[in-house]
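Here is the structure we will look at.
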Amino acid sequence: MFNLVLRGLATGSIYSLTAVGIVLILSTTNVMNFAQGDTGMFLTYIAFFFILRGIAPSLTLPIVIVAGAVLGYLVYKGLISKAKKSSHLGMMIITLGLTMIFEGIVATFFGNIPLLFPPLIPGDPVHFGSVILDRQDILCLVTALVVFGILSFILYRTKIGIAARSIADDEYASRVLGIPINRIHSFIWAISFGLAGLAGIMTAPRLSLQPLFMVVVQLKAFTAAVLGGMNSVTGAIWGGLILGVMENLVAYYVPAIKESFSLLLIVAILLFLPNGLFGSREAGRS
């Protein structure tokens, strides 16, 4: 039982990383980013490119985070900021277009054949008494804990983080107060894409590397975001962890509904808890 919970937390930490990126972008720039998962996929292939050239898998972690931040900044400056007057549907179509671009680039250079992504930390599972944990699971948990701690510090203890939260609460008032909206937006997109890359490289050793390997994670991240409340970073973190544990328990005790569980859960949340666990009324409307 304890093994199931810990493995669920490890899987849930990946959902949380992706969900936090989605929520950050939605709450501050009002864009539903359907490219979060495929961004992680694209950045993971960049990491794989470096691994093929002899770089240790663990050393690609900072490469992916930095590459993701640069990519997020460029996407915002080159696409999103230019289309601010577009409708919500128009913005969503832009992010869907990004998924096609990323998938097309990867398919062109690497093909559609599943590839084996090496473990970031090789070695046998670690035993803690009767508890057995894969090294990759431990890395997921520790990395997520560190990242969420850093993110919490940025959002609540730095000027740029407080400005981002102010924009999420009321963009018009923030603009009147002189907060540089575009600069904060580009910062948020950079952080979110960095998180996408981190989620991708954490997922790849568990699955085969292929252009669509992050699609399921994206769907689970949406479920986690809805569960936590679409405008709550804290909710996205807890939503991902709760979903990961629940999925693992359901897969063990009721395997027949394993594949449909997330869809059933998101329908139930929308019907009975539209604001999520931590969201406000604005989250329900989102």
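End of the sequence shown = 266 in our numbering, gap-free, step of one.
By construction, the Cβ of each residue, glycine as well, lies at the ideal position given by its N, Cα and C atoms.
*asked:* The beta strand (DSSP E) that contains phenylalanine 108, what's its start and end?
replied: Run containing phenylalanine 108: 106 to 108, per the beta strand (DSSP E) assignment.
*Check the DSSP bridge columns for valine 213 and list the partner residues they point to.*
DSSP lists no partner for valine 213.
*What does valine 126 pair with, by DSSP beta-bridge criteria?*
BP columns for valine 126 are empty, so no partner.
_Span separating the alpha-carbon of leucine 96 from that of valine 122_ = Computed Cα separation, rounded: 23 Å.
_Sequence-distant residues of the same chain with beta carbon closer than 8 Å to lysine 238, five excluded per side_ = Closer than 8 Å at the Cβ level, and outside the excluded window around lysine 238, lie Glu227, Val230 and Ala231.
*asked:* Pull the bridge partners of leucine 113 from the DSSP assignment, please.
replied: Residue pairing from DSSP places leucine 113 in a beta bridge opposite Val106.
_For alanine 143 and isoleucine 159, the rounded distance between their alpha carbons_ = Between isoleucine 159 and alanine 143, the C-alpha separation is close to 7 Å.
*Select from Ser172, Ile(-6), Ala170 and Thr9 the residue whose C-alpha is nearest the C-alpha of glycine 219.*
Of the candidates Ser172, Ile(-6), Ala170 and Thr9, the residue whose Cα lies closest to the Cα of glycine 219 is Ile(-6).
*In angstroms, rounded to a whole number, what distance separates the CA positions of serine 146 and leucine 41?*
Each residue's alpha carbon lies about 31 Å from the other.
*Pull up the DSSP beta-bridge partners for leucine 243, would you.*
Under DSSP, no beta-bridge partner is assigned to leucine 243.
*Is asparagine 13 buried or exposed, if buried means 16 or more other CB atoms sit within 10 Å of its CB?*
With 16 or more other Cβ atoms within 10 Å, it is buried.
*tyrosine 53 - containing alpha helix (DSSP H), residue span*: Start and end: 40 to 55.
*For leucine 96, three-class secondary structure by DSSP*: Coil.
*Using the DSSP secondary-structure output, state which residues sit across from leucine 189 in a beta bridge.*
In the DSSP assignment, leucine 189 is bridged to Leu95.
_Coarse secondary structure for proline 235, derived from DSSP in three states_ = Proline 235: helix per DSSP, three-state reduction.
*asked:* Beta-carbon within less than 6 Å of threonine 24's beta-carbon, same chain only, minus the 5 sequence neighbours each way: which residues are those?
replied: Hits under 6 Å: Gly180, Ile181 and Ala184.
*Among Pro191, Phe22, Phe82 and Ile101, nearest to leucine 39 - alpha-carbon criterion*: Of Pro191, Phe22, Phe82 and Ile101, the residue nearest in Cα terms is Ile101.
*Between threonine -2 and the rest of its own chain, which residues show a CB-CB distance below 6 Å, the 5 nearest in sequence each way excluded?*
The residues are Gln16, Ala179, Val197 and Ala201.
_Using 7 Å as the threshold, is the C-beta distance between methionine 194 and glycine 1 below it?_
Not in contact: methionine 194 and glycine 1 (Cβ atoms no closer than 7 Å).
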